[in-house]
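Undergrad: In my numbering, the protein residues as written are 10 to 238.
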């Protein structure tokens, strides 16, 4: 299994090869769980520095302590802690007894003008417009998940607060092969570049016509997510 350091190197290499505009990156470690978090903030192509009117993306993943142990010492080192050597263990057949996978999260932050924030009746149109404008840049299996938050003033006036879009890739088998992981990381970076550039051209919600309602440009899907601890 590839180590954390190798995965970071592959991800940054994929970003460089695909032209992903990285503003900065950071690594954090949780002193209680010893899990590590890597994140990098990216801007649209050609944008030299962050601006309030420019979207940006944060790509991140969490690497737990078990993955560090397995990648450095092998799956057998984990087994020695929990069962006798003669006890049947999945790593004999699968090569790894632990569910070794990471989730690459890409969160896009989308700025709105003051006028757009006041148009609370257009929230469904806004969400639909964001998916339409990025439909050609996102993979069919990774549609944008739009998150629009409403806020209220002390005088009970409603307005649109944070607007974000999210994608997630689960990587498992490629964690064991460097060439496979390089291909996956390049595809993630390429899609992030395309999506960021599409969002950079977003200005106002596209009006929905009756034809749009009859024949949606993207599939309507339902995602059931398991509860998290």
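The beta carbon of each residue, even a glycine, is placed where N, CA and C say it ideally should be.
Is the CB-CB distance between residue 181 and residue 110 below 7 Å?
TA: In the chain shown, the residue the question calls residue 181 occupies position 172. In the chain shown, the residue the question calls residue 110 occupies position 101. Yes, the Cβ-Cβ distance between residue 181 and residue 110 is below 7 Å.
Undergrad: Could you check the C-alpha separation between residue 42 and residue 97 for me, to the nearest Å?
TA: The count along the chain shown starts at 1 and reaches residue 42 at position 33. The count along the chain shown starts at 1 and reaches residue 97 at position 88. Rounded to whole angstroms, residue 42 to residue 97 spans 28 Å at the Cα level.
Undergrad: Using the rule of at least 16 other Cβ atoms within 10 Å of the residue's Cβ for burial, across every protein chain shown, is residue 201 buried or exposed?
TA: To locate residue 201, count along the chain shown from 1; it is residue 192. With 16 or more other Cβ atoms within 10 Å, it is buried.
Undergrad: Identify which residue in 162, 50, 195, 169 has its Cα closest to the Cα of residue 178.
TA: As a first step, residue 178 must be located in the chain shown, where it is residue number 169. Of 162, 50, 195, 169, the residue nearest in Cα terms is 195.
Undergrad: Alpha helix (DSSP H) containing residue 240: first to last residue?
TA: Lying outside 10 to 238, the shown extent of the chain, residue 240 is not represented and no answer is given.
Undergrad: Could you name the residues that DSSP lists as bridge partners for residue 167?
TA: Sequence index remark: in the chain shown, residue 167 carries index 158 (1-based). In the DSSP output, where bridge partners are listed per residue, residue 167 has 161.
Undergrad: Report the rounded CA-to-CA distance for residue 45 versus residue 81, giving the unit in angstroms.
TA: Counting from 1 along the chain shown, the entry for residue 45 is found at position 36. Counting from 1 along the chain shown, the entry for residue 81 is found at position 72. One C-alpha to the other measures close to 15 Å.
Undergrad: Should residue 31 and residue 49 be called a contact, given that it needs their Cβ atoms to be closer than 7 Å?
TA: On the chain shown, position 22 is the one that residue 31 refers to. On the chain shown, position 40 is the one that residue 49 refers to. The answer is yes: Cβ separation under 7 Å.
Undergrad: Hey, how far is the Cα of residue 65 from the Cα of residue 131?
TA: Along the chain shown, read from residue 1 onward, the residue named residue 65 stands at position 56. Along the chain shown, read from residue 1 onward, the residue named residue 131 stands at position 122. Whole-angstrom Cα-Cα distance: 23 Å.
Undergrad: Let me know the secondary structure DSSP gives residue 119 once reduced to three states.
TA: For this step, residue 119 is matched to residue 110 along the chain shown. Correct three-state label for residue 119: coil.
Undergrad: Can you tell me which of 211, 193, 129, 56 puts its alpha carbon nearest to the alpha carbon of residue 158?
TA: If you number the chain shown from 1, residue 158 lands on position 149. The shortest C-alpha separation from residue 158 is found at 129.
Undergrad: Residue 29: which of 206, 212, 192 sits nearest, CA to CA?
TA: Within the chain shown, the letter at position 20 stands for residue 29. With distances taken between Cα atoms, residue 29 lies closest to 206.
Undergrad: Thinking C-alpha only, which one of 209, 17, 12 is nearest residue 83?
TA: Counting from 1 along the chain shown, the entry for residue 83 is found at position 74. If we check each option's Cα against that of residue 83, 12 comes out closest.
Undergrad: On a Cα-Cα basis, can you pick out the residue from 145, 139, 122, 137 that is closest to residue 168?
TA: Stepping through the chain shown from its first residue, residue 168 is reached at position 159. The residue with the shortest Cα to Cα distance from residue 168 is 122.
Undergrad: So residue 208 and residue 143 are supposed to be a Cβ contact under 8 Å. How far apart are they, rounded?
TA: Position 199 of the chain shown, counted from the first residue, corresponds to residue 208. Position 134 of the chain shown, counted from the first residue, corresponds to residue 143. Confirmed, Cβ separation roughly 7 Å.
Undergrad: Quickly, what does DSSP pair residue 69 with across the bridge? List them, please.
TA: On the chain shown, residue 69 is found 60 positions in, with the first residue counted as 1. 48, 114, per the DSSP bridge assignment.
Undergrad: CB-CB under 7 Å to residue 126, same chain, minus the five flanking residues each way: which ones, in chain order?
TA: Within the chain shown, the letter at position 117 stands for residue 126. Hits under 7 Å: 168, 169.
Undergrad: In angstroms with no decimal places, state the Cα-to-Cα distance between residue 183 and residue 78.
TA: Locating residue 183 in the chain shown gives position 174, counting from the first residue. Locating residue 78 in the chain shown gives position 69, counting from the first residue. Approximately 18 Å, taken between the alpha carbons.
Undergrad: So residue 74 packs on residue 117, CB below 8 Å; how close in whole Å?
TA: Within the chain shown, numbered from 1, the residue matching residue 74 stands at position 65. Within the chain shown, numbered from 1, the residue matching residue 117 stands at position 108. About 30 Å separates the two Cβ atoms, so there is no contact after all.
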